[in-house]
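>
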Amino acid sequence: MFQQKKGNLMIAACLGILLFGSICSAEKIRVVTTSSDLADMVKVVGSDKVEVVSLCSGVQDMHSVEPKPSMVIKLKAANLVVKVGMDLDMWVDGLIDAARNPSIRYGAKGYVDASVGIERLEVPKGKIDASMGDIHLYGNPHYQTDPTNAIPITKNILEGLCRIAPKEGEYFKHNRDEYLKKLEERMVIWDREMEKFKGSNIVTYHNSCPYLAMRFGLNVVGHVEPKPGIPPSPAYLASLINLMKEKKVKVILVEPYFPLKGCEMVAKKTGAKVLIFPTSVGGVKEVRTYLELFEYNINQLVKALAE
Amino acid sequence: MVNRILILVNKVHQHHRSYIDQPQVITNFFGDHGLVGEGGNLSYILPLPFFAQLDMGTWRIEGHHHEEEEEPETTQVVDVNGGTVTVAIHEEHEHKEFGLRDEVYTSRLWLSFPLTDKSELEVGMSCAKGKGAHYQEHLDRAKVYGVDVTYNLWPSAHSRLIFQSEWLHLKREVPPGTLKRDGFYGLLNYKFNKYWDAGLRYDYAESACPPVNESGGESSTSIIITRSLTETTALRAQYKHNSHEKKDEAYLQMCFGIGPHSHPFQ
Chain U
1 MFQQKKGNLM IAACLGILLF GSICSAEKIR VVTTSSDLAD MVKVVGSDKV EVVSLCSGVQ
61 DMHSVEPKPS MVIKLKAANL VVKVGMDLDM WVDGLIDAAR NPSIRYGAKG YVDASVGIER
121 LEVPKGKIDA SMGDIHLYGN PHYQTDPTNA IPITKNILEG LCRIAPKEGE YFKHNRDEYL
181 KKLEERMVIW DREMEKFKGS NIVTYHNSCP YLAMRFGLNV VGHVEPKPGI PPSPAYLASL
241 INLMKEKKVK VILVEPYFPL KGCEMVAKKT GAKVLIFPTS VGGVKEVRTY LELFEYNINQ
301 LVKALAE
Chain P
1 MVNRILILVN KVHQHHRSYI DQPQVITNFF GDHGLVGEGG NLSYILPLPF FAQLDMGTWR
61 IEGHHHEEEE EPETTQVVDV NGGTVTVAIH EEHEHKEFGL RDEVYTSRLW LSFPLTDKSE
121 LEVGMSCAKG KGAHYQEHLD RAKVYGVDVT YNLWPSAHSR LIFQSEWLHL KREVPPGTLK
181 RDGFYGLLNY KFNKYWDAGL RYDYAESACP PVNESGGESS TSIIITRSLT ETTALRAQYK
241 HNSHEKKDEA YLQMCFGIGP HSHPFQ
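Those protein sequences? They're chains U and P, same order as listed. So for the first sequence, the working numbering puts the first residue at 1; every next one is plus one. So for the second sequence, the working numbering puts the first residue at 1; every next one is plus one.
1) Check Pro176/P in the structure and name its three-state DSSP category.
2) When you compare only the Cα positions, how much space is there between Leu293/U and Lys43/U?
3) Helix, strand or coil for Cys209/U per DSSP?
4) Quick one: is Pro210/U buried, meaning 16 or more other Cβ sit within 10 Å of its Cβ, or exposed?
5) Please list the residues of the stretch 102-116 of chain P that have a C-beta atom closer than 7 Å to any C-beta atom in chain U, keeping them in chain order.
6) Locate the alpha helix (DSSP H) running through Phe294/U, then write down its first and last residues.
7) Please check the pair Leu161/U and Phe172/U, which I expect to be a contact at CB under 8 Å, by giving their CB distance rounded to whole angstroms.
8) Kindly list, in the order they appear in chain U, the residues whose Cβ is closer than 8 Å to that of Phe163/P.
9) Against chain U, with Cβ distances strictly below 8 Å, would Ala157/P count as a contact?
10) Give the single residue among Pro231/U, Leu212/U and Leu95/U whose Cα lies nearest to the Cα of Thr145/U.
11) For Ala98/U, would you say it is in contact with chain P, using Cβ-to-Cβ distances shorter than 8 Å as the test?
12) With DSSP as the reference, label Cys24/U as helix, strand or coil.
13) Exposed or buried, what is Met254/P when buried is set at 16 or more other beta-carbons lying within 10 Å of its beta-carbon?
14) Kindly indicate the opening and closing residues of the alpha helix (DSSP H) around Gln136/P.
15) What are the complete beta strand (DSSP E) segments, minimum 3 residues, inside the stretch 238-298 of chain U?
16) Under three-state DSSP, which class holds Gln144/U?
17) Does DSSP classify Asn28/P as helix, strand or coil?
18) In whole angstroms, what is the alpha-carbon distance linking Ser47/U and Asn175/U?
19) Where Asn242/U and Lys248/U are concerned, what is the direct C-alpha to C-alpha distance, given to the nearest angstrom?
20) How would you write the range of the beta strand (DSSP E) that Arg30/U sits in, first residue to last?
21) Out of Glu307/U, Ala304/U and Glu286/U, which one is the CA nearest neighbour of Val59/U?
22) Can you pull the chain P residues whose beta carbon is under 7 Å from the beta carbon of Lys68/U, in chain order?
23) What residues in its chain sit with their C-beta under 6 Å from that of Val65/U, if we drop five residues either side in the sequence?
24) Taking 8 Å as the threshold (beta carbon to beta carbon), is Thr221/P in contact with chain B?
25) Using the C-alpha atoms, what's the distance from Gly31/P back to Trp154/P?
26) What ranges does the alpha helix (DSSP H) occupy inside the stretch 23-105 of chain U, keeping only unbroken runs of at least 4 residues that lie completely in it?
27) In the DSSP assignment, the alpha helix (DSSP H) including His174/U goes from what residue to what residue?
28) Hey, quick one: how far does the beta strand (DSSP E) through Ala150/U stretch, first residue to last?
29) Rounded to a whole number of angstroms, what is the C-alpha to C-alpha distance between Asn28/P and Lys246/P?
30) Report the partner residues of Gln238/P according to the DSSP bridge assignment.
31) On the three-state DSSP scale, how would you describe Gly257/P?
32) Rounded to whole angstroms, what is the Cα-Cα separation between Asn204/U and Glu295/U?
33) What number of angstroms, rounded off, separates the C-alpha of Gly186/P from the C-alpha of Gln164/P?
34) When you compare only the Cα positions, how much space is there between Ala78/U and Gly199/U?
35) Check this for me: beta carbons of Pro147/U and Met187/U, under 8 Å apart or not?
36) Have a look at the DSSP bridge pairing and note the partners of Ser43/P.
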């Protein structure tokens, strides 16, 4: 009799623990983002109400992420998906379909396209074909390189989180407001630091910095890739060397995942400096947040342009 | 819906494969075009902590018909029970292509386990059953069982190592008895950077067609090199040595997409 009661108590305790566990985990909104920058901003806005995972790390090239089955499981369990959009992370569309999670499908309340409201640059006009390289129909998708784009991005995230947990709306809004205040303070400093380099000519490996250039008044005069996604030929590099000498280019910005060989050769011939330039959180180990990304990159740029 | 069905490599769109021709076992067991049909597929992700997907499908695949106007010659053969049955005699070339046709039923269990942040192991089990491609003449039914394993390693942003192997077992029931045939392929592919990858594939496949008491397979080795020109454009070359027929083949393929597009996850 006593044994039976003890057994019943054990079962009840186990069920209680399971129920408690499921309630605790149910309180958190499970968010999947396609980039590490978006994951950082979701953490800021959602704070302790969210569990975030990014499908792509800062050392991965967003253009060529290979979908994995483990990503499907993450999306299957998600309440909210936040994608970069503008065709940069098209690979996630097939994963969302494969996850068969109706709440994160396009148009559902758990679907957020972070590019909504972004002032798009380089939207192609007229005929578009493969001879133009890997061109994006909706414009250049690397909008995260302008720190002020955190304003529309976090707005989209806020709206998404509010759709999932409307009762926490004020809490999310407060977190976002605090974050934007910090961003504003940092922008004053960054603008001041970059002011004296307005009009400086730079070269980037890939066409990933037009938003950064526009924000801080830099001129991107060329790219190591002749066209987006196309590797440079020796003849092209020779013409780039001439252009850089003519335009007095001091820096070449290269994302951590692109090859350095051609860039170093060009740098050697022109006297320019190659900067390993992370464009996402986690691109280098010193960059753990979106604000640290700009702290790190602006520091690098200021030093290199001042030389 | 026309779909590529079942079996690990059979379901992958041709331009997504790391080689040009399909593995010999797919040709021998499913025909030159692989297993392609119209039908429906129920897919369910099992509620497990790792990826586990179960697929069950039913398909309609057009059969092959002999183009003879006159009645073919017939002969009598002894079946497995010692009785005799009458079967048609056709030209040899017409017997060479085998496949599953008419009503075809398929199932597949696909599991995946992340080993580290940069590597995953996928394991699959597949099964298909249906009538033979020349059922009217051969009165044959067949089942194909498959097991596959894929190991993916991504050492850096643009490099990737794939080891993939798939083994298939065919049980083809014809009036005189049951043919049991095997085949497999193994692929090792390494993507050096964003633009270049190279691979080695070994194929072994027994023919689905010889008489019951005759068995024998053919093996071949392929070397494949791919140059990705853009995200949607690639140039691929393959050299294949068939040691059974002492034959060498070379293929050249140009893949291009009309603009960026996404595929269903496979």
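Beta carbons are placed, not taken as given, at the ideal position from N, Cα and C, and that holds for glycine. Every value quoted in this text rests on a predicted model; they were computed, and no experiment measured them.
Quick answer:
1) Against the second sequence, residue 176/P aligns to sequence position 176. Coil, per DSSP.
2) By 1-based counting over the first sequence, the position of residue 293/U is 293. By 1-based counting over the first sequence, the position of residue 43/U is 43. Those two C-alpha atoms are separated by around 16 Å.
3) Translated into positions along the first sequence, residue 209/U becomes position 209. Here Cys209/U sits in coil by DSSP.
4) Along the first sequence, one-based indexing puts residue 210/U at 210. With 16 or more other Cβ atoms within 10 Å, it is buried.
5) Ser112 and Pro114
6) Taking the first residue of the first sequence as position 1, residue 294/U is located at position 294. Per DSSP, Phe294/U belongs to the alpha helix (DSSP H) from Tyr290 to Ala306.
7) Numbered from its first residue, the first sequence carries residue 161/U at position 161. Numbered from its first residue, the first sequence carries residue 172/U at position 172. Indeed they touch by this definition, with Cβ atoms about 5 Å apart.
8) On the second sequence, residue 163/P is found 163 positions in, with the first residue counted as 1. The contacting residues do not exist; Phe163/P stays about 15 Å from chain U at best.
9) Along the second sequence, one-based indexing puts residue 157/P at 157. Yes, its Cβ sits closer than 8 Å to a Cβ of chain U.
10) Position 145 of the first sequence, counting from 1, holds the residue named residue 145/U. Residue Leu212/U is the option with its Cα nearest to Thr145/U.
11) To locate residue 98/U, count along the first sequence from 1; it is residue 98. True, the Cβ-Cβ gap to chain P drops below 8 Å.
12) As a position in the first sequence, residue 24/U is number 24, starting the count at 1. For Cys24/U, the pLDDT reaches just 46, beneath the cut-off of 50, and the residue's location in the model is therefore unreliable, although a value from the coordinates is still provided. It is helical.
13) Working through the second sequence from its first residue, we reach residue 254/P at position 254. The residue in question, Met254/P, is exposed, as its Cβ has fewer than 16 Cβ neighbours within 10 Å.
14) Residue numbering aside, residue 136/P sits at position 136 when the second sequence is read from its first letter. Segment Tyr135 to His138, the alpha helix (DSSP H) holding Gln136/P.
15) 251-254 and 273-276
16) Within the first sequence, residue 144/U is the residue found at index 144, counting from 1. Note: Gln144/U maps to helix in three-state DSSP.
17) Your numbering for residue 28/P matches position 28 in the second sequence. Of the three classes helix, strand and coil, the one that applies to Asn28/P here is helix, per DSSP.
18) Here residue 47/U corresponds to residue number 47 of the first sequence, with the count starting at 1. Here residue 175/U corresponds to residue number 175 of the first sequence, with the count starting at 1. Taking the straight line joining both Cα atoms gives about 8 Å.
19) Looking up residue 242/U in the first sequence gives position 242. Looking up residue 248/U in the first sequence gives position 248. Cα to Cα, Asn242/U sits roughly 10 Å from Lys248/U.
20) Locating residue 30/U in the first sequence gives position 30, where the first residue counts as 1. Residues Ile29 to Thr33.
21) Translated into the one-based positions of the first sequence, residue 59/U becomes position 59. The shortest C-alpha separation from Val59/U is found at Glu286/U.
22) The residue given as residue 68/U occupies position 68 in the first sequence. Residues of chain P passing the Cβ test: Glu120.
23) By 1-based counting over the first sequence, the position of residue 65/U is 65. The answer, listed in chain order, is Cys56 and Trp91.
24) The chain inventory of the structure shown lacks chain B, comprising the protein chains U and P.
25) As a position in the second sequence, residue 154/P is number 154, starting the count at 1. As a position in the second sequence, residue 31/P is number 31, starting the count at 1. If I take the Cα positions, the gap works out to 34 Å.
26) Within the stretch 23-105 of chain U, the complete alpha helix (DSSP H) segments at least 4 residues long are 36-46, 69-76 and 91-99, listed from N- to C-terminus.
27) For the purposes of this step, residue 174/U is taken as residue 174 along the first sequence, with counting starting at 1. Run containing His174/U: Gly169 to Glu195, per the alpha helix (DSSP H) assignment.
28) Within the first sequence, the letter at position 150 stands for residue 150/U. According to the DSSP assignment, Ala150/U belongs to no beta strand (DSSP E) but to the alpha helix (DSSP H) extending over Ala150 to Ile164.
29) Sequence index remark: in the second sequence, residue 28/P carries index 28 (1-based). Sequence index remark: in the second sequence, residue 246/P carries index 246 (1-based). One C-alpha to the other measures close to 18 Å.
30) Taking the first residue of the second sequence as position 1, residue 238/P is located at position 238. Partner(s): Ile224/P and Tyr251/P.
31) Residue 257/P sits at position 257 when you count from the first residue of the second sequence. Three-state DSSP puts Gly257/P in coil, outside helix and strand.
32) The sequence position of residue 204/U within the first sequence is 204, counting from 1. The sequence position of residue 295/U within the first sequence is 295, counting from 1. Note that residue 204/U is Thr in the sequence shown, not Asn. Using only the alpha carbons, I get a separation of about 19 Å.
33) As a position in the second sequence, residue 186/P is number 186, starting the count at 1. As a position in the second sequence, residue 164/P is number 164, starting the count at 1. Going by the C-alpha atoms only, they are around 6 Å apart.
34) Residue 78/U sits at position 78 when you count from the first residue of the first sequence. Residue 199/U sits at position 199 when you count from the first residue of the first sequence. If you take the alpha carbons of Ala78/U and Gly199/U, they lie about 45 Å apart.
35) Numbered from its first residue, the first sequence carries residue 147/U at position 147. Numbered from its first residue, the first sequence carries residue 187/U at position 187. Contact: yes.
36) Counting from one through the second sequence, the residue named residue 43/P turns up at place 43. Answer is Asp55/P, bridged to Ser43/P.
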